[in-house]
Structure formats: C-alpha cells, structure tokens
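Numbering (this note's numbering), first residue to last: 5 to 190.
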C-alpha cells in the first residue's frame with residue numbers, strides 16, 4: 005500500500021509501494037495502468053506460479069476499493085494475497101509477516117477489511133516507528149525518513165521484497181517462522 009505520485013514516493017507511508025518497485029525491478033517488469041482502472045498492475049511469471057503486483061491509485065485510506073476488481077481480474081483467493089504496508093507498531097526497519105489480524109489503526113488496512121468484509125488475509129508489515137509527539141502522526145507518515153532511519157527503511161524494503169519471493173517458493177508458515185524470527189533480532 006501507499007499513496008500515488010512523486011510527492012509521496014519517498015515517504016514512510018510508501019514503503020509498501022517501494023517494496024513492489026524492488027520486486028518489479030528484480031523481475032524486469034514495469035507497472036501499467038489498465039484503462040479506466042484505479043491501480044497500477046504487473047504480472048511476474050515464476051515457473052508454474054504467477055505473482056501479481058498491484059499498487060492502488062486510490063490513496064492509502066481507500067486502498068480497499070480496488071480489491072473486488074483485483075480478485076476478479078486475477079482469479080486469486082483471499083488466502084493468496086499479501087498486503088505490504090507500513091506500521092508504527094514496529095521499530096524503524098523491522099519487518100513482520102502475519103497471517104491475519106485487525107487494522108490496528110492503519111486506515112489503509114481498515115479500508116481493505118471493510119471492502120472484503122473480513123480480515124483473514126496475510127500482510128507484511130514494515131516498521132516505520134512512531135513520531136515523538138502523538139499529534140504529529142499525519143506529518144510523520146507523509147514525510148521522508150532521514151539519515152540512519154532512511155538507511156534502515158531502505159534495507160527493510162529489500163528484506164520485505166525477499167520475504168515476498170520466499171513466500172512464493174516456501175509458503176506462509178515457513179516464511180513466518182524464518183522471517184519473523186530474524187525480525188526479532190533487527
């Protein structure tokens with residue numbers, strides 16, 4: 005998940021989009037906007053498997069709006085999607101894969117849950133930490149990290165992309181066991 009446009013590309017809120025950009029580059033794919041659709045889309049063929057990378061153009065808080073169309077277009081079931089998003093509940097650069105869960109205050113996830121009517125879909129969280137002052141949340145998530153924090157976030161984007169690739173090969177349970185254990189030592 006993320007927000008469309010150059011203005012938001014380097015923000016903390018867009019670590020999900022940046023993870024998809026890393027994956028697209030790794031597989032030499034580029035995103036295209038289907039005619040009259042609110043998302044960018046590309047497909048990666050991995051032998052007998054396919055991976056669809058999708059970036060909603062609806063802005064973060066309305067990310068769920070595209071899910072009925074995407075599930076129909078790809079023929080994917082809810083169990084085979086993976087939402088990649090930021091979270092303030094993990095320290096900067098820490099990543100965690102979860103089988104399901106609540107929105108936990110993340111408005112983009114809340115939008116997806118609302119549109120799907122359920123919350124039992126996998127997600128990959130990338131930690132962005134919390135602002136010093138609670139009143140600064142919007143400014144914080146919509147700003148770019150600096151210095152060591154920026155380096156930690158960029159490294160986590162690459163780790164998240166690797167987790168997505170491993171998920172395709174190994175399955176959710178194994179990736180959670182390996183990736184989440186490694187995340188605790190971050």
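Ideal placement from N, C-alpha and C gives every residue a C-beta, glycine not left out. Just so we're clear, the structure is a prediction, and the values are computed from it rather than from any experiment.
Residue burial classification, residue i (beta-carbon count within 10 angstroms, cutoff 16)
| i | result |
| --- | --- |
| residue 72 | exposed |
| residue 40 | exposed |
| residue 100 | buried |
Selection from the options that minimises the alpha carbon distance to residue i
| i | options | result |
| --- | --- | --- |
| residue 126 | 134, 132, 113, 138 | 113 |
| residue 120 | 142, 143, 81 | 81 |
| residue 161 | 50, 88, 84, 57 | 88 |
| residue 19 | 133, 84, 108 | 133 |
| residue 154 | 50, 96, 42 | 96 |
| residue 22 | 106, 129, 117 | 129 |
Rounded distance between the beta-carbons of residue j and residue i, thought under 8 Å
| i | j | result |
| --- | --- | --- |
| residue 44 | residue 37 | 5 Å |
| residue 14 | residue 148 | 4 Å |
| residue 30 | residue 145 | With 8 Å as the limit, residue 30 and residue 145 do not qualify as a contact, their Cβ atoms being about 26 Å apart. |
| residue 196 | residue 59 | The chain is shown from 5 up to 190; residue 196 falls before or after that span and cannot be answered. |
Simplified DSSP state of residue i, which is helix, strand or coil
| i | result |
| --- | --- |
| residue 37 | coil |
| residue 54 | strand |
| residue 61 | coil |
| residue 148 | strand |
| residue 183 | helix |
| residue 21 | helix |
At 4 residues or longer, and completely inside the stretch 64-143: list those alpha helix (DSSP H) runs for me, N to C. Qualifying alpha helix (DSSP H) stretches, in chain order: 71-78, 111-120.
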